[in-house]
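Have a look at the structure below before the remarks.
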Amino acid sequence: MDITLETAQRILQSQPFSEHMGARVTHFSPDGVELRLPIDSKLHNQHGFVHGGALSYMADNALTFAGSIALGTAIVTSEFKINYVRPANGSELVAKAKVLHGGTRQAVCQCEILSVADGNERLCAIAQGTIASLSSARSA
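For the sequence shown, the numbering used here gives the first residue as 52, with consecutive numbering after it.
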């Protein structure tokens, strides 16, 4: 099944937590995906920066959508690692992810998370993860 931007948007909208967060898929193609999330004060930590959990949410979803490029839509995140490189603030988070290697049962993907302030994007986190196909999963 070829996944279109519209399909990716419907999948994200079907996730109650993503609807709650207000995230949206803005790009989906064989070369990668892009998710965006408006920043509001409810996402801030005690220092006034975006909480690391919001950055991790963006990484997890962007990595999984990137994994769907290689594996289709019956997938889950198997694991991911994130490096926070700069505090995030501004008006919006942008997560850009791509497939580094896609096999038949798993894909290794990479994601950059940027914060947008005054029209300028700044790198604030980098993540890498493994996305696994559910089609090869066995019942317990």
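Think of the CB as a built atom: it goes at the ideal place given N, C-alpha and C, for glycine as much as any other residue.
Worksheet item: Who are the near neighbours of A158 in its chain, counting only those whose CB is closer than 6 Å to its CB and skipping five residues on each side?
Response: Walking along the sequence shown from the start, residue 158 turns up at place 107. These residues qualify, in order along the chain: G118, A121, L122, V150 and I182.
Discussion item. Residues in the same chain with beta-carbon distance under 7 Å from V136, minus the five sequence neighbours each way, listed in chain order, please.
Written reply: In the sequence shown, residue 136 corresponds to position 85, counting from 1. Within the same chain, V136 has close Cβ partners L174, C175, A176 and I177.
Item to complete: May I have a chain-ordered list of the alpha helix (DSSP H) segments no shorter than 4 residues that lie completely inside the region 81 to 168?
Response: Runs of the alpha helix (DSSP H) spanning 4 or more residues and lying entirely within the region 81 to 168 occur at 103 to 122, in chain order.
Worksheet item: Roughly how many angstroms lie between the CA atoms of A113 and V167, to the nearest whole one?
Response: As a working mapping, residue 113 is identified with position 62 in the sequence shown. As a working mapping, residue 167 is identified with position 116 in the sequence shown. Rounded to whole angstroms, A113 to V167 spans 17 Å at the Cα level.
Discussion item. Quick check: the Cα distance between E163 and E143, rounded to an integer number of angstroms?
Written reply: Indexing the sequence shown from 1 puts residue 163 at position 112. Indexing the sequence shown from 1 puts residue 143 at position 92. Answer to the nearest angstrom: the Cα atoms are 14 Å apart.
Worksheet item: Can you tell me the Cα-Cα spacing of T155 and A110, whole angstroms?
Response: For the purposes of this step, residue 155 is taken as the residue at position 104 of the sequence shown. For the purposes of this step, residue 110 is taken as the residue at position 59 of the sequence shown. Straight-line Cα distance between these residues: approximately 22 Å.
Discussion item. For a test of the three-state rule: what should DSSP assign to T55, helix, strand or coil?
Written reply: By one-based count along the sequence shown, residue 55 stands at place 4. T55: coil per DSSP, three-state reduction.
Item to complete: Find the nearest neighbour of E70 within the set R87, I54 and G83, judged by alpha-carbon distance.
Response: As a position in the sequence shown, residue 70 is number 19, starting the count at 1. Taking only the C-alpha atoms, the option nearest E70 is R87.
Worksheet item: With a CB to CB cut of under 6 Å and the five nearest residues on each side skipped, what residues in its chain are close to P89?
Response: In the sequence shown, the residue the question calls residue 89 occupies position 38. Cβ neighbours of P89 beyond the five flanking positions: G73 and E143.
Worksheet item: How many angstroms separate the CA atom of E57 from the CA atom of S80?
Response: Position 6 of the sequence shown, counting from 1, holds the residue named residue 57. Position 29 of the sequence shown, counting from 1, holds the residue named residue 80. Taking the straight line joining both Cα atoms gives about 11 Å.
Worksheet entry | Boundaries (first-last residue) of the alpha helix (DSSP H) holding S186 | Within the sequence shown, numbered from 1, the residue matching residue 186 stands at position 135. Segment: none, S186 is in no alpha helix (DSSP H) and carries neither H nor E.
Discussion item. According to DSSP, is Q64 part of a helix, a strand, or is it coil?
Written reply: The count along the sequence shown starts at 1 and reaches residue 64 at position 13. DSSP, reduced to helix, strand and coil, places Q64 within a helical segment of the structure shown.
Worksheet entry | Cβ shell of H95 (< 7 Å), same chain only, five flanking positions each side left out | As a working note, residue 95 is residue 44 in the sequence shown. Hits under 7 Å: V101 and H102.
Fill in: For S65 and S186, the rounded distance between their alpha carbons
As a working note, residue 186 is residue 135 in the sequence shown. As a working note, residue 65 is residue 14 in the sequence shown. The alpha-carbon atoms of S186 and S65 are separated by roughly 20 Å.
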